[in-house]
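For reference, the structure discussed in these notes is given below.
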Amino acid sequence: MHEDLKPWYKQFWPWFLIGLLLSSITFSLIYLVVSIRYYDGSVGGDYYKRGLAINEQLAKQEHARALGLEAQVLFDNRTGDVVVDLMGESRPESLALALIFPTDSDFDRELTLEHVHEGRYLTTLEEPLRYRWYLQLQPEAGEQAEWRLTGEISFPNDAPVTLKPGL
249 MHEDLKPWYK
259 QFWPWFLIGL
269 LLSSITFSLI
279 YLVVSIRYYD
289 GSVGGDYYKR
299 GLAINEQLAK
309 QEHARALGLE
319 AQVLFDNRTG
329 DVVVDLMGES
339 RPESLALALI
349 FPTDSDFDRE
359 LTLEHVHEGR
369 YLTTLEEPLR
379 YRWYLQLQPE
389 AGEQAEWRLT
399 GEISFPNDAP
409 VTLKPGL
């Protein structure tokens, strides 16, 4: 009783196992390319220094609270104007407004607002914003940033947003 054996390359199981290995390698390479191409940068190389700087940020917010600072921010979608009304005991010549996109730092923006009249500051956006953003307002970087106000907004939004020390 001699059975006629087929060569290995005509058998089902070797090709099934080779197919499993090749599909594993293919999907691994696809995931590698996607992870490199769409890296979000959420954990930077200086995360330890950022962690140590939290006390400095808390001190800025506490100082803003001691000065009684609060700001109303209005974004005009038609003209692109950004108006900030600052209330409290501080009137720097210019303010820095950081617009921070929650998921992709490539979209973050830094605006400089110039003092125009009794606590009112003004600047212009080049294009209208969409989605949700975090806002941080502090004196211009050239001046020592002693305080910081924070808040968040979802666009489009025609109502003023209140920024306060800390969340």
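According to our numbering, the stretch in the sequence shown is residues 249 to 415, in order.
Note that the Cβ used here is the ideal one computed from N, Cα and C, for glycine as well.
Tyr296 counts as exposed, since fewer than 16 other C-beta atoms from the protein chains shown sit within 10 angstroms of its C-beta. Assigned with DSSP and collapsed to three states, Ser271 falls in helix. Secondary structure of Glu394 (DSSP, three-state): coil. Note on Pro404: under 16 other CB atoms within 10 angstroms of its CB, so exposed under the neighbour-count rule.
The C-beta separation of Arg378 from Val331 comes to about 20 angstroms, leaving the pair out of contact by the 8 angstroms criterion. The alpha-carbon separation between Gln386 and Ser271 amounts to approximately 53 angstroms.
Close CB contacts of Gln309 within its chain, under the 7 angstroms cut and outside five residues either way in sequence, are with Arg396, Pro413, Gly414 (chain order). Within 10 angstroms of the beta-carbon of Ala314 lie fewer than 16 other beta-carbons, which makes it exposed. Judged by DSSP secondary structure, Arg313 falls outside any beta strand (DSSP E) and instead within the alpha helix (DSSP H) spanning 302-314. Taking Ile401 as the centre and dropping the five residues before and after it, the same chain places the C-beta of Trp381, Leu383, Val409 closer than 7 angstroms to its C-beta, in chain order. Linking Glu374 to Ile302 through their CA atoms gives a straight-line distance of about 32 angstroms. The C-beta distance from Thr398 to Asp329 rounds to 22 angstroms, too long to meet the 8 angstroms contact threshold.
The C-alpha of Met335 lies about 55 angstroms from the C-alpha of Leu277.
The beta-carbon distance between Leu361 and Ser342, rounded to whole angstroms, is 6 angstroms. This is short enough to meet the 8 angstroms contact definition. In the DSSP assignment, Thr327 is bridged to no other residue.
In this structure, Ala344 sits near Glu388, with a CB-CB distance shorter than 8 angstroms.
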